[in-house]
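Notes follow the structure.
Protein chains: 2
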Amino acid sequence: MVCQVELICIGNELLIGKTLNTNAHWLSKRITSLGCIVRRTTVVRDEISEIVASTREAIARKPDFIIITGGLGPTFDDMTLEGVAKALSRKLEMNDEALEMLRERYAEFTKMGRIKDSNLTEYRLKMARLPQGARPIHNPVGTAPGVTIHENSTTILVLPGVPQEMEAIFEASIIHLLRDKSDGLFYVERSLQVLGVVESSLAALIDRVMLEYPAIYIKSHPIGSEPEVHIELHLTTSSRNKEGAEEEISKAMEKIQVLISQKGGRTGFV
Amino acid sequence: MVCQVELICIGNELLIGKTLNTNAHWLSKRITSLGCIVRRTTVVRDEISEIVASTREAIARKPDFIIITGGLGPTFDDMTLEGVAKALSRKLEMNDEALEMLRERYAEFTKMGRIKDSNLTEYRLKMARLPQGARPIHNPVGTAPGVTIHENSTTILVLPGVPQEMEAIFEASIIHLLRDKSDGLFYVERSLQVLGVVESSLAALIDRVMLEYPAIYIKSHPIGSEPEVHIELHLTTSSRNKEGAEEEISKAMEKIQVLISQKGGRTGFV
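Residue numbers (the working numbering), protein chains in the order written: chain A, 6 to 275; chain B, 6 to 275.
Shown next as structure tokens:
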């Protein structure tokens, strides 16, 4: 069974169109390259009821991992941990390890002259209150620690929404968790640009090649607008045998290029 | 009651990190500017079971609109209409109006020399098979018509995933539907850049200003990475009285600038 991941992104800024969801894009690319599958991404507002509902729904689908981004900071609208705790019917409690992480970080900021005092105000302490049974994850870049929680067979990973912090925690502390569950799968992809054949004519050619190479998934993506429109074909496969997969995808590429040229189309690699 | 909208984006390319979800971003911005609220965005794979589940879940939350993008084309992985029909327990049936739209479009393509014949092959006919009771929406740019379906109190709008086509249909045929439901609300936003105060110190100032101006929502967004990090404050409000809202947001901006400068921080507009 391939490792299944769901993403939940929390933040009004994503739903008012202020912020482009580059976190979901970055995570999806990294997770896929590690041999896991992102099943679904859900984006919800900074509201407890929305966080509770989306977390419970994801847990009910039993993925191996749920990665939640956003809402870990010190402001009133940062309510992810409260929502996740509620979704799991756990209490929030002061976590000593997280508290120590915050203490060190604010002491460092004071030393650097970035803040006047390192007092752990109520706003700062909030970031150390984790759901019962959770563990903090070191944040190499910012203040708020990430959080790991185990619930049934699912590992919930909560990461900050600031891209630099999310990416740093992922690279330092999440990759090995996914790799351990990825079952040794390699993900291989290729792209081919097609000109001179419309998508509705390509459809039959894609069907033929996928019938001959059932392990290869081929998707067509129209690019640009008329009259310069062209189609990008994207071929993907996952396999424990990386070289075998690369050979197979190359054969499928050759086959579809021949069929396209027979239809009067032109192709080029990217 | 403010007009509630949910987005469902369909496509493996979004969940493997190949394509950045600019459709959700563009739609969220436009919908918000029209005085409606995007409650949630769900991204699922090109699988019938995923389309059925996400559509049913969204309908159960009773939004005014569900806008579904992607999976309307001629290829095997375009299965949105089949999934939506199944979610609504309706049959797919040949729609005469949609058939006429396709016939015209392929005749035009043939005339332009883009395709050799305008035959409505099985791949092309697929785009005219709509759920029972649905109506096609003219696509000013591409081939696949958009689709409108009414289900209880929710209007489901299905749009192509190609950004140019999705945007063209939205501008031509969707805007007035949202505006009619938006209850005359205007959305007003302002941004303020803050340097020299960390987010955990800003938190208390935000609380004070939001207490004084309860109609104004203030979010802080850390930008960049250490040591050049700064915070963007984003102030938003919705009101039937646009001038009143602009006045209120200006007052809240002034107030928070004063508080930030008292804390030793600097601010600038964007």
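Heads up, the beta-carbon is just placed ideally off N, CA and C, and yes, glycines get one too. Quantities reported herein were computed from a predicted structural model and do not represent experimental measurements.
| Item | Value |
| --- | --- |
| Would the stretch 156–164 of chain A count as touching the stretch 191–209 of chain A if we require 3 or more Cβ pairs under 8 angstroms? | no |
| Is it right to say ARG110/B is buried, meaning 16 or more other beta carbons lie within 10 angstroms of its own, or is it exposed? | buried |
| Could you have a look at ILE265/A and say whether DSSP puts it in helix, strand or coil? | helix |
| With the cut-off set at 8 angstroms, would you say PHE114/A and VAL202/B are in Cβ contact? | no |
| Have a look at THR272/A, VAL263/A, ASP188/A and ASN246/A and flag the residue whose alpha-carbon is nearest the alpha-carbon of VAL214/A. | VAL263/A |
| By a C-beta neighbour count over all protein chains shown, 10 Å radius and 16 as the cutoff for buried, is ILE100/B buried or exposed? | It should be pointed out that residue 100/B corresponds to Asn in this sequence rather than to Ile. With 16 or more other Cβ atoms within 10 Å, it is buried. |
| Establish whether the CB of LEU162/A and some CB of chain B are separated by less than 8 angstroms. | no |
| If you draw a straight line from the C-alpha of LEU39/A to the C-alpha of GLN137/B, how long is it? | 42 angstroms |
| Could you give the DSSP three-state label for ILE56/B: helix, strand or coil? | helix |
| Which bits of chain A does HIS226/B rub up against, with CB to CB less than 7 angstroms? | GLU18 |
| Nearest-angstrom Cα distance between VAL302/A and LYS186/A? | Any answer about residue 302/A is impossible in this case: the structure gives chain A only from 6 up to 275. |
| Would ARG66/A be called buried (16 or more neighbouring beta carbons within 10 Å of its own) or exposed? | exposed |
| Under DSSP, the beta strand (DSSP E) around LEU240/A begins and ends at which residues? | 235–244 |
| Out of ILE71/A, LEU86/A and GLY270/A, state which residue places its alpha-carbon closest to the alpha-carbon of SER158/A. | ILE71/A |
| Mind listing which residues of the stretch 24–47 of chain B have their C-beta closer than 9 angstroms to chain A's C-betas, in chain order? | THR24, LEU25, ASN26, THR27, ALA29, HIS30, TRP31, LEU32, SER33, LYS34, ARG35, ILE36, THR37, SER38, ILE42, VAL43, ARG44, ARG45, THR46 and THR47 |
| Helix, strand or coil for LYS96/A, going by three-state DSSP, please let me know. | coil |
| If you measure from the beta carbon of TYR128/A to each beta carbon in chain B, is any gap under 8 angstroms? | yes |
| Can you check which of these residues, ASP188/B, ALA149/B and PHE81/B, is closest to GLU105/B by C-alpha distance? | ALA149/B |
| Do the stretch 24–35 of chain A and the stretch 251–259 of chain B touch if we need at least three Cβ pairs shorter than 8 angstroms? | no |
| LEU135/B bridges to which residues according to DSSP? | GLU98/B |
| Taking the alpha helix (DSSP H) that LEU77/B belongs to, which residues open and close that run? | Unbroken run through LEU77/B: none, as it is neither H nor E. |
| Is GLU21/A helix, strand or coil by DSSP? | Looking at the sequence shown, residue 21/A is not Glu but Ile. In the structure shown, ILE21/A sits in coil (DSSP, three-state: anything other than H, G, I, E or B). |
| In three-state DSSP terms, what is THR126/A? | coil |
| In the DSSP output, what is PHE191/A paired with across the bridge? | SER244/A |
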